[in-house]
Amino acid sequence: MTPRRALVSGASSGIGRATVRALVGDGWEVVATARRSDRLETLADETGCEVFTADLTRDEDVAALAEFAGSTGLDAVVNVAGGALGVDRIDEADTERWKRMFDINVMATLKLTSACLPLLRRNGGGSLVFVTSTAAHGTYPGGGGYAAAKHAERQIATTLRLELAGEPIRVTEIAPGMVKTEEFSLVRLGDPRAAEDVYAGVEEPLVASDIAEAIRWSLDVPLHVNVDLMVLRPVAQSTNTDVVRRQLAVRDAVGL
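For the sequence shown, the numbering used here assigns the number 627 to the initial residue and increments by one for each residue that follows.
Here you go:
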């Protein structure tokens, strides 16, 4: 059988990188894309994936990537690239950060999806996966900009599911809660200690491979099955704002 072929964005770290590993391990041919060539080459050496360096906010990069990825057919596109910047209150919002979050979460996802849809159609169908966030389903103090971007990204998936009805193309949204990766909180906060404090006292936050396994599974179910939405949180997290932190509970108990 001809191996299935997937394009994974945001593949230089975190969930994207873990997804490449999971899909290659499941027999997929994978094209991994991100902006950092050195990390992509390391991933290629490790997994045997193909790589293509691209900045998805640039139209010419997206067009070149789609041409490369679809040269021998394409069965799935996994939109992972994105991220959060800052924890600004609404009344103190940094508009440049908001614009950047919309560029990398919404517009980049829109551009890549639009460029790859014809490739899936030409291949007789396929799957579109959008890795959003629980921030796409609710918000929290300091999260307005990121939640707004992820809400917008989610609407690409939910609208596409309506617009593609009747075509053999599946549209799946994966919405992770608290996932501890090496870069997400560091990029958002810009300080290693503050980034580590995000997970302080949380027993077993999710890790990138947990989300990658959910993506792999959603692509591996029979083709007549569409996994519309999968929300994943660690057991210690019940909502965007309610997280059990065991160390803090101990301090409270002893009056510290």
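Backbone N, C-alpha and C fix where the C-beta goes; we use that ideal spot for every residue, glycine too.
Check each candidate in the options and name the one with the smallest Cα separation from residue i.
{"i": "V851", "options": "T645, V797 and L832", "result": "V797"}
{"i": "T784", "options": "G651, D720, H763 and E655", "result": "H763"}
{"i": "G768", "options": "T867, G653 and T628", "result": "T867"}
{"i": "I782", "options": "T628, L738, F694 and L812", "result": "L738"}
{"i": "L788", "options": "L832, D854 and D729", "result": "D854"}
{"i": "C675", "options": "V805, G642 and I730", "result": "G642"}
{"i": "S835", "options": "P848, T807 and V847", "result": "T807"}
{"i": "R780", "options": "T758, Y772 and E793", "result": "T758"}
{"i": "A637", "options": "D664, G771, A741 and R814", "result": "D664"}
{"i": "W654", "options": "R842, A690 and T765", "result": "R842"}
{"i": "R814", "options": "G709, S639 and E718", "result": "G709"}
{"i": "V732", "options": "A773, R747 and A670", "result": "A773"}
{"i": "A707", "options": "D717, E839 and R662", "result": "R662"}
Report the partner residues of residue i according to the DSSP bridge assignment.
{"i": "K806", "result": "V833"}
{"i": "R796", "result": "S753"}
{"i": "A621", "result": "Shown here, the chain extends from 627 to 882; a query on residue 621 therefore has no answer."}
{"i": "V634", "result": "A658 and V704"}
{"i": "L812", "result": "Answer by DSSP bridge pairing: none, since L812 is not bridged."}
{"i": "Q781", "result": "Looking at the DSSP assignment, Q781 forms no beta bridge with any residue, so it has no partner."}
Could you check how far apart the C-beta atoms of residue i and residue j are, in whole angstroms? I think they sit under 8 Å.
{"i": "F810", "j": "A775", "result": "Contact flag wrong, Cβ pair sits at about 14 Å."}
{"i": "G752", "j": "L700", "result": "7 Å"}
{"i": "I800", "j": "V755", "result": "6 Å"}
{"i": "E696", "j": "L745", "result": "The sequence as given places Gly at residue 696; Glu does not occur at that position. Right, their Cβ atoms sit about 4 Å apart."}
{"i": "V704", "j": "S635", "result": "7 Å"}
{"i": "L832", "j": "V805", "result": "4 Å"}
{"i": "R630", "j": "A689", "result": "About 23 Å separates the two Cβ atoms, so there is no contact after all."}
Do the segment 714-728 and the segment 824-838 touch if we need at least three Cβ pairs shorter than 8 Å? Between the segment 714-728 and the segment 824-838 there are fewer than three C-beta pairs closer than 8 Å, too few to call the two in contact.
Inset, instruction - Starting from the N-terminal side, write out each stretch of the alpha helix (DSSP H) that is 4 residues or longer and does not extend beyond the segment 651-734. - result: The qualifying runs are 663-673, 685-695 and 721-728.
>> Assess contact between the segment 639-653 and the segment 713-720, defined as three or more Cβ pairs (one per stretch) separated by less than 8 Å. Is contact present?
In response: For the pair of segments examined, the segment 639-653 was found not to touch the segment 713-720: the number of CB pairs separated by less than 8 Å stays below three.
Any 3 or more C-beta pairs closer than 8 Å across the segment 851-860 and the segment 807-826
No contact exists between the segment 851-860 and the segment 807-826.
* Asked: Is the number of C-beta pairs between the segment 729-738 and the segment 664-683 that are closer than 8 Å three or more?
  -> Yes, the segment 729-738 is in contact with the segment 664-683.
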